[in-house]
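In UniProt numbering, the protein residues as written are 1 to 240. Glycine included, C-beta positions come from ideal geometry on N, C-alpha and C. All of these numbers come straight from a predicted model, not from anything done at the bench. Written out below as structure tokens is the structure these notes cover.
The structure is reproduced here in structure tokens:
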């Protein structure tokens, strides 16, 4: 599977934009702001962060509202909102395409499809914020890992699983880490114990930050993940 591909500034009529593609998920993001907020949206001592997620087909549903809430909460951890009181930062994320799962013997559940899309949305939002040159307390990166179990009951952690692997996994974990290695967000689904969760978090941290993974389980890493997502993010910004 090819590694992630990101582009800064593909759009020209917004303050910042980014395109991000990985594992069959393609997302286009745009950032506008800080702009003056309407009176009903004003927060006296900080900027409001408004996130919109648009699906690849059809209209938005509860799934998109759920994703918006998660992305908004994560962005508020890194945007220096107190520097822009009574203003608004708008983040729009358009899903262009997702992996085709129509031919799978066992379709992915709605919860798993939501979980699998989340890292691409967070990655796109982070790149778009950097394109807009908004002041941030830190950067972050996000990835998806899953826990698979063999016949002997042993667990293996798989990075960036494809839909087939995700459907067969015992559990899946979408994680987001700051540049300093702090866990900002963890959304987990499935059957797992504390040791498997710890191992999944360790592998996720290694992919995001380039640090050694956690305890337990055998990590199955791909070649494109030998370089951390933070390293790739720094290189992309430096080359711009």
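- Between residue 200 and residue 189, the gap from beta carbon to beta carbon reaches 8 Å or more.
- Rounded to the nearest angstrom, the gap between the Cα atoms of residue 21 and residue 4 is 6 Å.
- Separation of residue 38 and residue 46 (C-alpha to C-alpha, rounded to the nearest whole angstrom) is 14 Å.
- Comparing C-alpha distances from residue 164 to each of 2, 16, 23 shows the shortest one belongs to 23.
- Going by beta carbons, residue 90 and residue 33 fall inside the 8 Å limit.
- Residue 53 sits in a strand when the DSSP states are folded into three classes.
- If you draw a 10 Å sphere on the C-beta of residue 62, you find fewer than 16 other C-beta atoms in it, and that means exposed.
- In the structure shown, residue 158 falls within a strand segment according to DSSP collapsed to helix, strand and coil.
- Contact fails between the region 133-152 and the region 92-109, because fewer than three Cβ pairs, one in each stretch, are under 8 Å apart.
- Inclusion of residue 53 and residue 121 in the CB contact set at 8 Å is warranted, their separation being smaller than that value.
- Taking residue 107 as the centre and dropping the five residues before and after it, the same chain places the C-beta of 101, 167 closer than 8 Å to its C-beta, in chain order.
- For the pair residue 176 and residue 158, the CB atoms are not nearer than the 8 Å cut-off.
- Non-local beta-carbon contacts of residue 228 in its own chain, meaning distances under 7 Å to residues more than five positions away in sequence, involve 207, 208, 209, 210 in chain order.
- The alpha-carbon separation between residue 236 and residue 26 amounts to approximately 18 Å.
- The beta-carbon distance between residue 187 and residue 115, rounded to whole angstroms, is 6 Å. This is short enough to meet the 8 Å contact definition.
- CA-CA distance, residue 169 to residue 83, rounds to 43 Å.
- Excluding residues up to 5 positions away in sequence, 43, 44, 45, 46, 47 lie with their Cβ nearer than 8 Å to the Cβ of residue 85 in the same chain.
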